[in-house]
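Residue numbers (this note's numbering), protein chains in the order written: chain A, 26 to 352; chain B, 26 to 352; chain C, 26 to 352; chain D, 26 to 352. First up is the structure itself, then whatever we jot down about it.
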């Protein structure tokens, strides 16, 4: 197990591609209450009101929905060097990209399944204008008076042709710990939840039921309170944003979830509590045997509805439609 | 419209039949936190901690699940006489039953679809023992330290071969107001929500998809807070009480709901907020045109999962099984 | 007791005077999410998103904070005639004012303590523009994406030199029922909670500790969910709106409350649940003996902080300052 | 900064002394829903339903309320050796105590202010009996049907004559990070919040306003949901458990809190959310300048009531009484 001192420390941001920039922006800004930090070319940079850095979401205009990249922050400047050294040995490294809006140089690479990622150390901190400054000194800015505002970026979830391949890479190269796992018929690994913090996951890897490689499942922002999931669901119903599932509670991770499709076509999870946290330094991976019917059902949904078929087949990029999109 | 002064004032209690008394009692007492008031023959009398009367639930041992009766309280002693007078003209009256545990004489009758009901005036008030007395003077007793305690009885829901028949009877004989209505193909009435208070319903009538007459759909107890629905769902999942649907929010009545089957086989709704209240004395019935797809979907589920087929076909008495029952 | 058929049916709206129109409007619209219906002269008309009528709040520019008037809706057109007949016998009637924005002719009068009131029958219903129309047929418009939006008007609270005088007037002339009461040393009535619906109050009357007559204590809008009180408190703290007390729970009425001062100087209550509801047609008034220390404490605060001195002395109009006002 | 690999990993358990064992047990078991693991001599061992180890609370009968000890778990077996090595250099080490119920050998020491502590590696894991086993594989047992059950142990808070002394010891010897800090007149440190995880604190150190040394302020169990704080406050009010403050929200740590006194006299915090989490590996300590009035007020209470004088003066052991104690 890689020491935490030389591993990834956190999820820094994600870049999502959208073919409907205006509507995606409306969703993230007016419904989820994100704040715009900057614009640059075809990208708009956003953050939640408790995100401390320049941005946690880069929205980029493109022909179709998809993942631009996932950015991880290293545990230290030294850790970044160690990480890039390890990445270079994998053949998956793509070299350095120069510093850009909101952060310093980033080392680009792909997961074994092809998900574009980067790791970086230097970050730009958000500085509130006097008007937005909060008297709450540990809050980067006042709570927005827009939509049902999410508090911070939480995690990403990717689909993979080989769950084990991506999972081992995240553990052995980037230093993640395997917290929970779904194992199916014949011991096939069909899902993995990994983290470098006491949260159960900063990244989940799930088997792509379509057999495609390198697709993105969802990005999750955090509310912390179940009532806000209910509020978000009410608002999404009223403004005709497609709800895929929830509010409900997964068995895996014990997360209270709501899954919606942002108007550009990417699935977004709204996360309504903190699930449970893992402080045990000697944690034994929780294994769900999904060949067993109870585990199959309870791991997906502990209570609150069910997960529709699209949950296992829809990822971005995709040729599937995800239901009515507000125009 | 019958003046409120000579109509029913409220739902007083309901009697449910159960073939598994011990388990039903465990569910209502240990999971929902009801308090036992008395035992008599094959019946156990229970109430929620904010119910003011002797009991709101009479559990009676029987060969199979079913509705014993629904009891309404008249607006006054005079109103009771007026109501029984009107009932006698319908041919549905069955005469007086003498006072029993918790209330005075009750006039027995059936709805046009055959649901057993009674109306009464005199009630016995619950008196807490010194140990259970609350310093909160408007709370009949201390909040129980058992389960996820419901606060009070809320409403009943019955299935009917003819929704219109039962609905008109409730309006014209008992004085209810029609608050919401579902109308299907060719103007057929498939659901009606009626009340004598600002709540949207003390009784709902829904078409029985199986064509059976006089069946019972559910009894609802009230929490008031959505978090308690989440808590109840968590506890029901843990103790293997079958959850049929929810937590979710109906369009009709705007109720936050959780539907479970108590171990005896009766569907019980746990009600997580107050929905909306109607204070307009000139209220126009909200009509959902369920031949229209949007109304069909939104009236059933505004957000949060979906209603399974059993919701439309399962009532008590029944020959259907309702999933795993805890033994 | 006056039959409900010839009494007041509900609180229709209130008019508040403000010396800081822009800031008051910002508070009600951007923080509480009210919607503007119309402007007329020095008044702006607003409603919450679940209010069915044209407006529930009329904000009027004036030299200082105060109550413009409280408007009650009669139970029917006939009830309005009965009510005005009774009002004329009291000597407190002031005659008819013609129909205005949002409602028909209103009969003006004052409470025995001098609070300006009116009673009316004809109301204008709000009609949402296509863009704001909700698919939820019992919701007058989409839920706003602004602030922490309140759902509907709930109640008013007035200060009085003589609680008994105002209380008896509300009962004997307007048809209210006395739900709860605080009685102090020597049997002096120091507070009364009255309603015509199962809610514990549409109006409360509390003794003015300063001995002034005819002052206004607060207007209450309803959330229904405790989390929204917490959200509102967080937002008020962030935007430097003065919080007087709460979130907390009163013993009287069992209400979850948050009291803030809108920037014009009027106290506004945000109401976080429904308290308890009274369905018993034979309700015995809950009497709190506030000469008794337990009742004194528990009736004010059941849990959650305490009520500061201003709660008993500050009313509008006032010469007192209510703490920092956002500029 | 000590690498996380050779520091403390988490708070393992705490031992509290109580002069009223029966009532303390009633409070922790019946009100907070803790489960009894074992009894041994004058001690009862308890855990919350999401605690993974044998116990997180050891209640020990004694002449007066006080702290028995605080137990930390090291990051690994090797880390335990490194930690004890460092502790020995401080002169505060007291040597090894043999393994006992629920854990292996523990190295005993005192903080510079005299708080009894220990650090250990080997722990016993709780194993649910078949009846209590949950189908939720990451939940150690079914959720109890007793009281308002807390989910897990969260943190401890100690009073100190010298905040800086204890704070530096926690950082330099045990590996904690300083997350937030209150600094008063002339730069005196009056409070410090430290953690080894993304939580803002596993331990807080506050200046003892009475000048006493080595006293204990409170133990905190975690709910995660604000509604449960409201429930706990309601239940404590009903069962006459003294509430000192809350529900409210601190500025420091952004915690939703409720402070009560367990019947033995120890202050217990119930923690209603997760506050905010710190993932930034380069976190700059949040400093509140409490010589400044805004910081003084906002750091203590962001919203929700106020902290009474006892919050700064009452610690255990104590000669103060903490209000009515249920008998």
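Backbone N, C-alpha and C define an ideal beta-carbon position, used for all residues, glycine too. This one's a predicted model, so the numbers in the text were calculated from it and none came from an experiment.
query: How big is the Cα-Cα spacing for residue 288 of chain D and residue 49 of chain D?
result: Translated into the one-based positions of the fourth chain, residue 288 of chain D becomes position 263. Translated into the one-based positions of the fourth chain, residue 49 of chain D becomes position 24. Their Cα atoms are separated by approximately 5 Å.
query: Name the chain C residues that come within less than 9 Å of residue 172 of chain A, Cβ to Cβ?
result: By 1-based counting over the first chain, the position of residue 172 of chain A is 147. The answer, in chain order, is 170 and 171.
query: Looking at the unbroken beta strand (DSSP E) that takes in residue 246 of chain A, where does it start and where does it end?
result: Working through the first chain from its first residue, we reach residue 246 of chain A at position 221. Unbroken beta strand (DSSP E) run through residue 246 of chain A: 241 to 247.
field: Cut-off 6 Å between Cβ atoms - residues of its own chain near residue 266 of chain C, not counting five sequence neighbours on either side
entry: As a working note, residue 266 of chain C is residue 241 in the third chain. These residues qualify, in order along the chain: 285.
query: Roughly how many whole angstroms lie between the Cα atoms of residue 315 of chain D and residue 167 of chain A?
result: In the fourth chain, counting from the first residue as 1, residue 315 of chain D sits at position 290. In the first chain, counting from the first residue as 1, residue 167 of chain A sits at position 142. For the pair residue 315 of chain D and residue 167 of chain A, the Cα-to-Cα distance works out to about 21 Å.
task: Express the C-alpha separation of residue 29 of chain D and residue 234 of chain D in angstroms, rounding to a whole number.
output: If you number the fourth chain from 1, residue 234 of chain D lands on position 209. If you number the fourth chain from 1, residue 29 of chain D lands on position 4. Here the C-alpha atom of residue 234 of chain D lies approximately 33 Å from the C-alpha atom of residue 29 of chain D.
query: Listing by chain order, which chain D residues have their CB less than 8 Å from the CB of residue 259 of chain C?
result: If you number the third chain from 1, residue 259 of chain C lands on position 234. Ordered by position in chain D, the residues that pass the 8 Å Cβ test against residue 259 of chain C are 274, 327 and 328.
Contact list for residue 295 of chain C against chain A, beta-carbon separation under 8 Å: Along the third chain, read from residue 1 onward, the residue named residue 295 of chain C stands at position 270. Per Cβ cutoff of 8 Å: no residues; residue 295 of chain C is ~15 Å from chain A at best.
- prompt: Can at least three beta-carbon pairs, one atom from the stretch 211 to 230 of chain B and one from the stretch 126 to 134 of chain D, be found at a separation below 8 Å?
  reply: Because the criterion of three Cβ pairs below 8 Å is not met, the stretch 211 to 230 of chain B and the stretch 126 to 134 of chain D do not touch.
field: Residue-level contact to chain A via CB, residue 55 of chain C, 7 Å cutoff
entry: Taking the third chain and counting its residues from 1, the one referred to as residue 55 of chain C is at position 30. Closer than 7 Å: yes.
- request: Along the alpha helix (DSSP H) that carries residue 111 of chain C, what are the first and last residues, could you check?
  value: Here residue 111 of chain C corresponds to residue number 86 of the third chain, with the count starting at 1. 102 to 115 is the span of the alpha helix (DSSP H), which, as asked, contains residue 111 of chain C.
- prompt: Which residues of chain D have a Cβ atom closer than 8 Å to the Cβ of residue 161 of chain A, listed in chain order?
  reply: Looking up residue 161 of chain A in the first chain gives position 136. The contacting residues are 276, 279, 323 and 327.
message: Using a Cβ distance threshold of 8 Å, determine whether the stretch 175 to 185 of chain A contacts the stretch 133 to 143 of chain A, with at least three qualifying pairs required.
response: These segments touch.
message: Taking the straight line between their C-alpha atoms, what separation do you get for residue 141 of chain B and residue 40 of chain B?
response: Along the second chain, one-based indexing puts residue 141 of chain B at 116. Along the second chain, one-based indexing puts residue 40 of chain B at 15. Taking the straight line joining both Cα atoms gives about 10 Å.
message: Within 7 Å of any Cβ in chain B, is that where the Cβ of residue 241 of chain C sits?
response: The residue labelled residue 241 of chain C in the question sits at position 216 within the third chain. At a cut-off of 7 Å between beta carbons, residue 241 of chain C makes no contact with chain B.
- request: Mark residue 163 of chain A as exposed unless 16 or more other C-beta atoms lie within 10 angstroms of its C-beta, in which case mark it buried.
  value: Residue mapping note: residue 163 of chain A aligns to position 138 of the first chain, counting from 1. Buried: at least 16 other Cβ atoms inside 10 Å.
Ordered list of beta strand (DSSP E) runs contained in the stretch 174 to 251 of chain D, each at least 3 residues: For the stretch 174 to 251 of chain D, whole beta strand (DSSP E) runs of length 3 or above, ordered along the chain, are 177 to 185, 202 to 208, 214 to 220, 228 to 232 and 241 to 247.
query: What residue range is occupied by the uninterrupted alpha helix (DSSP H) comprising residue 320 of chain D?
result: As a position in the fourth chain, residue 320 of chain D is number 295, starting the count at 1. Element bounds for residue 320 of chain D: 318 to 325.
task: Just the chain C side, please: which residues come within less than 9 Å of residue 251 of chain D by C-beta, in chain order?
output: The count along the fourth chain starts at 1 and reaches residue 251 of chain D at position 226. Within chain C, 251, 252 and 255 have C-beta atoms less than 9 Å from the C-beta of residue 251 of chain D, given in sequence order.
field: Neighbourhood of residue 258 of chain B by C-beta distance below 8 Å, restricted to the same chain and skipping five residues each side
entry: By one-based count along the second chain, residue 258 of chain B stands at place 233. For residue 258 of chain B, same chain residues with a beta-carbon under 8 Å away, outside a window of 5 residues either side, are 268, 271, 272 and 283 in chain order.
task: Give the range of the beta strand (DSSP E) segment to which residue 281 of chain C is assigned.
output: As a position in the third chain, residue 281 of chain C is number 256, starting the count at 1. Judged by DSSP secondary structure, residue 281 of chain C falls within the beta strand (DSSP E) whose first and last residues are 281 to 286.
task: Quick one: which unbroken beta strand (DSSP E) runs of 3-plus residues sit fully inside the stretch 129 to 154 of chain A? Chain order, please.
output: The qualifying runs are 131 to 135 and 141 to 145.
Alpha carbon of residue 71 of chain D to alpha carbon of residue 242 of chain D, nearest angstrom: Translated into the one-based positions of the fourth chain, residue 71 of chain D becomes position 46. Translated into the one-based positions of the fourth chain, residue 242 of chain D becomes position 217. Spanning the alpha carbons of residue 71 of chain D and residue 242 of chain D requires a straight line of approximately 20 Å.
task: Please state whether DSSP places residue 54 of chain D in a helix, a strand or coil.
output: Residue numbering aside, residue 54 of chain D sits at position 29 when the fourth chain is read from its first letter. In the three-state scheme derived from DSSP, where H, G and I count as helix and E and B as strand, residue 54 of chain D is classed as helix.
message: Applying the 10 Å Cβ sphere with the 16-neighbour rule, what's the burial state of residue 208 of chain D?
response: To locate residue 208 of chain D, count along the fourth chain from 1; it is residue 183. By the neighbour-count criterion, in which a residue is buried when 16 or more other Cβ atoms sit within 10 angstroms of its Cβ, residue 208 of chain D is buried.
Contact list for residue 104 of chain D against chain C, beta-carbon separation under 9 Å: Within the fourth chain, numbered from 1, the residue matching residue 104 of chain D stands at position 79. Those do not exist, as residue 104 of chain D stays about 39 Å from chain C at its closest Cβ, beyond 9 Å.
- prompt: Does DSSP classify residue 360 of chain C as helix, strand or coil?
  reply: No answer is possible for residue 360 of chain C: it lies beyond the span of chain C, which begins at 26 and ends at 352.
field: N-terminal and C-terminal residue of the alpha helix (DSSP H) that residue 337 of chain B is part of
entry: Within the second chain, numbered from 1, the residue matching residue 337 of chain B stands at position 312. It spans 335 to 338 - the alpha helix (DSSP H) in which residue 337 of chain B sits, taken as one unbroken run.
Straight-line gap, residue 156 of chain D to residue 60 of chain D (C-alpha atoms, nearest Å): By one-based count along the fourth chain, residue 156 of chain D stands at place 131. By one-based count along the fourth chain, residue 60 of chain D stands at place 35. Rounded to whole angstroms, residue 156 of chain D and residue 60 of chain D show a C-alpha spacing of 14 Å.
- prompt: Residues in its own chain within less than 8 Å of residue 144 of chain C by CB, not counting five upstream and five downstream?
  reply: Stepping through the third chain from its first residue, residue 144 of chain C is reached at position 119. Taking C-beta separations shorter than 8 Å and ignoring five residues to either side along the sequence, the partners of residue 144 of chain C in its chain run 33, 96, 97, 98, 99, 105, 108, 109, 112, 131, 132, 134 and 199, following chain order.
- prompt: Taking only beta-carbon atoms, is residue 196 of chain B less than 7 Å away from chain C?
  reply: Here residue 196 of chain B corresponds to residue number 171 of the second chain, with the count starting at 1. Any Cβ of chain C closer than 7 Å to the Cβ of residue 196 of chain B would place that residue at the interface, and such an atom is absent.
message: So for residue 94 of chain D, helix, strand or coil by DSSP?
response: Against the fourth chain, residue 94 of chain D aligns to sequence position 69. Three-state DSSP puts residue 94 of chain D in a strand.
query: What three-state label does DSSP hand residue 253 of chain D in the structure shown?
result: On the fourth chain, position 228 is the one that residue 253 of chain D refers to. Correct three-state label for residue 253 of chain D: helix.
Contact the stretch 66 to 83 of chain D vs the stretch 300 to 319 of chain D: 3+ CB pairs below 8 Å: No contact exists between the stretch 66 to 83 of chain D and the stretch 300 to 319 of chain D.
- prompt: Could you give the residue range of the beta strand (DSSP E) that holds residue 75 of chain B?
  reply: One-based indexing of the second chain puts residue 75 of chain B at position 50. In this chain, residue 75 of chain B is not harboured by any beta strand (DSSP E), its DSSP state being neither H nor E.
task: Answer yes or no: does any C-beta atom of chain C fall closer than 7 Å to that of residue 262 of chain D?
output: Residue 262 of chain D sits at position 237 when you count from the first residue of the fourth chain. At least one chain C Cβ lies under 7 Å of residue 262 of chain D.
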